[in-house]
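J.: Just dropping this structure here.
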Amino acid sequence: MWSVRRLGILALLGLIACEGAPPAGRPVLLVTLDTVSADRVGAWGDVEARTSQLDRWARRGIAVRDAIAPTPMTLPSHATILSGLDPTRHGVRENGFYRFPDELRTLAERFDGPSAAFVGAYPLVARFGLAEGFDLYDDRCETSAGARPPERAAGEVLAAASDWLDRAPRNRNLLVWIHLYDAHYPYRPPAPFDRAAPDPYRGEIAALDSRLARFARRESVRDATWIVVGDHGESLGAHGEITHSLFVYDVTQRVPGLVCGPDIPPRLEETPRPLRDVAPTVLTALGLPAADLPGVPLQSSSSERAAWIESAHAFLLRGASPLFGIRERNWKYVLAPRPELYDLRHDPGETRNVVADHPEEARRLEDAIRDVLATAVPLEPVAGDPEVAERLRALGYVGDPRSPVSPLRDPKDLAESLAALWHGEQAWKDGDATRALPHLEEAIRLDPRNKEAHAYLMSVYASRGEWDRARVAGERALELPPPTVDAAIREGLAAIERATANRR
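All residue numbers for the sequence shown refer to my numbering, where the first residue is 1242 and numbers rise by one.
Following this line, the structure appears as structure tokens:
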């Protein structure tokens, strides 16, 4: 099994290369792998992975040992990938509540040739702003049976991309973005990957890799330049988080990243590279300038880089503090009510907070974070609900992005309650209210301010005809911050009132 260390040795020996001269026109394919952690890919050290196509691209091109996602959420990370700007610059902080600003440019808006995008899930549909500039934005995401949220499998996304590529001109550069969502929960790998992989998450990634291998053999992409990157990873229980969104540890922020093409010499890139480097990488592959962007093309080696990391999820949806951080090669600092500093040389798993042992490093990195926040776009939803924005502002949830860090709860204090909520939510979505109830009650016992648990409890009680309990749960949910999901709760309470009125 390949590893990044072995890749580096082979690259130095010159034993591997992507052969061929650049043609007059070439597809440039940006493939984003949703919810794929670097530590579940063979070329990044997972001996149990079945990722032969990703491993092949990694050893034939540029493999980035530490590609760092800015957030653990799909829409904000893709906004960075497609714009070359961190969330502090483009302002998109969460799925669903934000829209990429019209005044900023995507990759497609910088390219005047044929372009198409094929996305695999609802968080990236056109209404959220990333479609600007693409000749075709194929966001049909309801074709996979039983999908929640609406999504379609890699095979369907790649088939749509293949059809477009087969009809595209061969004498011009092409820009194609392909988003694959298969590794996102729920993990339900198709046969034979449901049995061949050691666990369902690896099975999903193996199935995804197999689909990519089949796609890569098509004549229409024979001379393509491939830029493949994850948007964020998956916690899988690490640090008390089951999936992703709450924290910014490397298990969710370190993703696979590679560039392979006919004119790409093989290289192991050992410097951590933020995902803001992806946009200039794509532009360079298309022969376009990228000097106005803050990132550095992956085709160029880079000296020490600092990657911005953040999660506004707890702030916007849980009534807790946001997390802001900087990730360097050796150090990682997270600004939170209880700050965290990790020495990545000796503790890559981020298990020992050494903030008290290295106050100088902590102070240096905190100052750098606050410098960024001083000019950052505020944490304010822009996807269309002025009432929500105003209520957030009144509660102190938006405005100066520096202000909310210390007075609010630390997201670390929410992890246990949110794990119980997750189990209750999955049971409810499976249609099993009886199984959901004890998990939701446990979530509220662990954190009485768990707004979403109260909201789900309203739905569970209503499904059982326990109208008074449902009303109490819904009213309690409305009392709790933040107000971002209050419209849905009000709809639930209105439905309860209608149901009880009909019974009188």
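In this text, a Cβ means the ideal position worked out from N, Cα and C, and glycines have one as well.
Indicate the three-state DSSP secondary structure (helix, strand or coil) for Ser1356 in the structure shown.
T.: Here Ser1356 sits in strand by DSSP.
J.: Thinking C-beta only, is Trp1572 closer than 8 Å to Glu1607?
T.: no
J.: Return helix, strand or coil for Tyr1363, following the three-state DSSP convention.
T.: In the three-state reduction of the DSSP assignment, Tyr1363 falls in the helix class.
J.: Rounded to a whole number of angstroms, what is the C-alpha to C-alpha distance between Arg1611 and Phe1565?
T.: 9 Å
J.: Gly1474 and Ala1279: beta carbons closer than 8 Å?
T.: yes
J.: For Val1305, count neighbouring Cβ atoms within 10 angstroms of its own Cβ and tell me buried if that reaches 16, exposed if not.
T.: buried
J.: Report the rounded CA-to-CA distance for Ala1320 versus Arg1570, giving the unit in angstroms.
T.: 24 Å
J.: Look at the alpha carbon of Pro1642 and the alpha carbon of Pro1328, and state the distance between them as a whole number of angstroms.
T.: For Pro1642, the pLDDT reaches just 46, beneath the cut-off of 50, and the residue's location in the model is therefore unreliable, although a value from the coordinates is still provided. Cα-Cα distance, rounded: 12 Å.
J.: Excluding five sequence neighbours on each side, which residues of the same chain lie with their C-beta closer than 6 Å to the C-beta of Gly1560?
T.: Pro1722 and Pro1723
J.: How is Leu1585 classed by DSSP in three states: helix, strand or coil?
T.: In the three-state reduction of the DSSP assignment, Leu1585 falls in the coil class, being assigned neither a helical nor a strand state.
J.: Go to Lys1670, then tell me how far its alpha helix (DSSP H) extends in each direction, as first and last residue.
T.: Ala1656 to Lys1670
J.: Restricting to runs no shorter than 4 residues, where is the alpha helix (DSSP H) found entirely within the segment 1370 to 1427?
T.: Segments of the alpha helix (DSSP H) lying fully in the segment 1370 to 1427: 1395 to 1408.
J.: Take the Cβ of Pro1653 as the centre, count every other Cβ of all protein chains shown within 10 Å, and call the residue buried at 16 or more, exposed below.
T.: First, the residue type needs correcting, since residue 1653 is Lys and not Pro in the sequence shown. Classification of Lys1653: buried, given that the 10 Å Cβ count is 16 or more.
J.: Look up Glu1551 in the DSSP assignment and give the residues it is bridged to.
T.: Phe1565
J.: When you measure from the CB of Leu1687 to every non-hydrogen atom of the ligand SAH, does any distance come out below 7 Å?
T.: Absent from the structure shown: the ligand SAH. Ligands present: none.
J.: Measure the Cβ-Cβ separation of Ser1356 and Gly1374 and say whether it is below 8 Å.
T.: yes
J.: Secondary structure at Glu1707, three-state DSSP: helix, strand or coil?
T.: If DSSP states are grouped into helix, strand and coil, Glu1707 belongs with coil.
J.: Helix, strand or coil for Pro1580, going by three-state DSSP, please let me know.
T.: In the three-state scheme derived from DSSP, where H, G and I count as helix and E and B as strand, Pro1580 is classed as coil.
J.: Run through the segment 1483 to 1527 for me and flag every whole beta strand (DSSP E) of 3 or more residues, listed as ranges in chain order.
T.: List check, beta strand (DSSP E) in window: 1498 to 1501 and 1508 to 1510.
J.: What is the DSSP secondary structure of Thr1675, counted as helix, strand or coil?
T.: helix
J.: Check whether the segment 1406 to 1424 and the segment 1272 to 1291 are in contact - that is, three or more C-beta pairs closer than 8 Å.
T.: By the Cβ test, the segment 1406 to 1424 is in contact with the segment 1272 to 1291, since at least three Cβ pairs between them sit closer than 8 Å.
J.: Counting C-beta neighbours from all protein chains within 10 Å, is the total for Asp1491 16 or more, i.e. buried, or is it exposed?
T.: buried
J.: Rounded to a whole number of angstroms, what is the C-alpha to C-alpha distance between Gly1706 and Pro1589?
T.: 50 Å
J.: Short check: CB of Val1701 to CB of Leu1687, under 8 Å?
T.: no
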